[in-house]
Amino acid sequence: MKVMFHSQLGTGGCKPGIQDRGAEETRIVPENDRRAARRGSMTRRGALGLFLLPFAGSLSAAPRPLRIVSLDAGLTETLLMLGVRPVAIADREVWEKWVVEPPLPPEIADVGTLLEPNLEFLQQLRPDVILAIPYLDGIKPLLERVAPVTTIGIYTEEGRPYQLAVDATRQLARLVGKEEEGEALIAATEAGFLEIRQQLAPLSARPLYIVNFMDPRNVRVYGRQSLFQDVFDRIGIRNAWTGDTNYWGFATLGLDGLATASDARLAYMEPLPEGAGGTLTESPVWNAMPFVRNRSIMRLPAVLMFGALPSAARFAHELAKAMTGDAAHG
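Per UniProt numbering: the sequence shown ends with 330, consecutive numbering throughout.
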């Protein structure tokens, strides 16, 4: 369907300023007197303006909150932790499956999929700004026909997602006027890491794989350039996967590729593909893995693997809970 873009977003009318009430004076005076009167009038007007300046904020209406459409879950979770609700997001239906926390308010609309948002609906929402990531640069010209686009990259070739998530938090906090809340979020995340590092110190000797199951035979394993690796570094856990990873910080490989570390533990994240659990228990390859034989497997709830600070904090918390709960298994 051909999408028609009509007018640009309205800017809203401006309230008139304080008017000079001497304008309606009609009596005739000599020219010299008129010039003197004008000079005096300007002086009085300036004084009145200076007097009222401190009260300008109280006389003006409070600024309207920005209407934000966020097309990335990591940016969305950061906004929510700052106390800001976007008017709409992409892929709302997968939030509870892959993100889980923070809970998504029911009034936030869904604009469709990440790469194919509903442009007509976007236009109807009349956003002030659309938040995007570099992954969406291909559709940015289309989005810019609806509203200004702010692109914030956390997963880039730099391979520093945690630090870029900190930078993104500050950028979003400035955008929405929540600088104090942004710094508080950063500080709380760092404090949580320090506490968990101390908690896990007695359990940190053995390396750990962190994976998602793609199907019963293949996994996505996270390593360098991933958010999870950055969390490992901050809580004192060694990653068992030292091989190459892609732009997003993971590698896809068969189960037999996880046999590289004989003393490794494995943590896998929900959700599991349908039927994978039963198939795994019957797989000779799976049952031959050292972490299976050693009963060194942990199941974690879903954590957004391409998230920001809230996902980093959630991953550290859930991993610590699993490791301390399974400590008896080695």
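Each residue gets a CB set at the ideal place from its N, CA and C atoms; glycine is no exception.
Residues bridged to residue i [DSSP beta-bridge criterion]
i	result
Leu-253	Val-219
Tyr-268	Val-211 and Arg-299
Ser-70	Ile-89 and Leu-131
Asn-118	DSSP, once it has assigned bridges, lists no residue as partnering Asn-118.
Ala-261	DSSP lists no partner for Ala-261.
Ala-109	Ala-88
Asn-239	Leu-208
Extent of the continuous beta strand (DSSP E) run through residue i
i	result
Ala-132	129-132
Counted within 10 angstroms of its Cβ, other Cβ atoms place residue i as buried (16 or more) or exposed
i	result
Lys-178	buried
Glu-318	buried
Leu-194	exposed
Gln-225	buried
Asp-215	exposed
Asp-233	exposed
Asn-246	exposed
Lys-97	exposed
Gln-229	buried
Arg-295	exposed
Ser-262	exposed
Asp-72	buried
Leu-266	buried
8 Å Cβ shell around residue i - same chain, five flanking residues per side excluded
i	result
Pro-284	none
Ile-108	Arg-85, Pro-86, Val-87, Ala-88, Ile-89 and Arg-92
Leu-272	Phe-213
Pro-301	Val-100, Met-269, Glu-270 and Glu-318
Element boundaries [alpha helix (DSSP H), containing residue i]
i	result
Val-149	Element bounds for Val-149: not the alpha helix (DSSP H) but the beta strand (DSSP E), 149-151.
Thr-234	The sequence shown places Arg at residue 234, not Thr. Segment 227-235, the alpha helix (DSSP H) holding Arg-234.
Ile-186	179-200
Phe-315	309-325
Arg-126	Run containing Arg-126: none; DSSP gives neither H nor E here.
Phe-291	290-293
Arg-170	161-176
Trp-286	284-287
Leu-142	140-143
Thr-279	276-281
Contacts around residue i, its chain only, beta-carbon distance under 7 Å, and the 5 residues preceding and following it disregarded
i	result
Ser-70	Thr-76, Leu-79, Pro-86, Ile-89 and Leu-131
Glu-256	Looking at the sequence shown, residue 256 is not Glu but Asp. Cβ within range, chain order: Val-285.
Leu-280	Pro-216 and Trp-286
Spatial neighbours of residue i in its chain, beta-carbon cut-off 6 Å, leaving aside the 5 residues before and after
i	result
Val-146	Leu-122 and Gln-123
Val-219	Val-211 and Phe-213
Thr-324	none
Gly-159	Gln-225
Gly-192	Ala-313
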